[in-house]
Amino acid sequence: MDLLRKLKMVNNKRKCKKIIALCCNLNTQLDDLVKRARLKPHAFAATLSKKLDDKHYERTLVNLRHNLKQMNKTCINKSARKFMTDELKAFNTKIKKYC
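Just so it is clear: in the sequence shown, position 8 is 8 by full-length UniProt numbering, and no numbers are missing.
Printed below as a string of structure tokens:
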């Protein structure tokens, strides 16, 4: 979560584009997990904006953070939680380059 807050300070368009791609990839995998596990988190954003302007970039990060919080609340299944933590570890290692 702290990494997502730090990413708000990125001003480089190329970095923003790569960050948005990583965020969308993670969100797609979380959405697949939601569908497979038949979880219904409240207000889960299935797609994130891929626009590069400041408003949409910040909104993408906020929506991803919200989705992660919702998944944390509703993800009770042990295998689903393990999948989620593995995906987050991979995401964190990729995203640390941009902080």
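The C-beta atom is built at its ideal place from N, Cα and C for all residues, glycine as well.
- The residues 3, 6, 7, in chain order, have a CB closer than 7 Å to that of residue 99 in the same chain once the five nearest residues on each side in sequence are set aside.
- Taking a 10 Å sphere around the C-beta of residue 47, we find fewer than 16 other C-beta atoms and assign the residue as exposed.
- Taking the CA atoms as reference points, residue 53 sits about 20 Å from residue 26.
- Under the 10 Å beta carbon count, residue 60 is surrounded by 16 or more other beta carbons and is classified as buried.
- Here the alpha carbon of residue 12 sits roughly 10 Å from the alpha carbon of residue 18.
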